[in-house]
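Asks: Take this structure, written in structure tokens, and hold onto it; I'll ask about it next.
In our numbering, the protein residues as written are 404 to 557.
This is the structure:
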């Protein structure tokens, strides 16, 4: 059992981007936030590590706000919220031992999450808002990302 890992995984992702308004182009602010929680099973083989996570819950929020180039007032201010998420994450990594118990581990993660519910809030703009409800076609969020982990083995 010394080569097996049982654990919990919590992923938190939050990124914002913006562009300023100019006299002939509207400004934009966007915010994307994700949270995922699940059970993880891992296996260590020499310096290799393999993990698989079953996400028990996941949510994602996307907000965008456009501002008028002349007045600076919002022309669109809306939020999409996805919930009821589940899915999985697979990780493959290699541990490079640096000495003194420390190591660096490049890891490649593939993540796939499916959301079953969505709401749409419109504070400003012409969209038609709707309350949280089931999606007719589930939303899928999938990506492949590199990651570097710093380890201490004791």
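Note that the Cβ used here is the ideal one computed from N, Cα and C, for glycine as well.
Start and end of the beta strand (DSSP E) containing residue 426?
Replies: Here residue 426 is taken as the residue at index 23 of the chain shown, counted from 1. That residue, residue 426, is in no beta strand (DSSP E); it is neither H nor E in DSSP.
Asks: Leaving aside the five residues before and after residue 550 along the sequence, list all residues of the same chain whose C-beta is less than 7 Å from its C-beta, in chain order.
Replies: For this step, residue 550 is matched to residue 147 along the chain shown. The residues are 510 and 512.
Asks: With distances taken from CA atoms, which of 545, 526 and 468 is nearest residue 431?
Replies: As a working note, residue 431 is residue 28 in the chain shown. Looking at the Cα atoms, 468 is the closest of the given residues.
Asks: Count Cβ pairs between the segment 455-464 and the segment 473-487 that sit closer than 8 Å; are there 3 or more?
Replies: Yes: at least three Cβ pairs fall under 8 Å.
Asks: Let's see if you can read the secondary structure: which residues bound the beta strand (DSSP E) around residue 541?
Replies: Stepping through the chain shown from its first residue, residue 541 is reached at position 138. Its beta strand (DSSP E) spans residues 533-555.
Asks: Quick check on residue 405: does DSSP put it in helix, strand or coil?
Replies: Position 2 of the chain shown holds residue 405. It is coil, neither helix nor strand.
Asks: Report yes or no: do three or more beta-carbon pairs, one from the segment 490-502 and one from the segment 474-481, lie closer than 8 Å?
Replies: With the cut-off at 8 Å, the segment 490-502 and the segment 474-481 do not touch.
Asks: Indicate the three-state DSSP secondary structure (helix, strand or coil) for residue 448 in the structure shown.
Replies: As a first step, residue 448 is located in the chain shown; it is residue number 45 there, counting from the start. Residue state, collapsed to three classes: strand.
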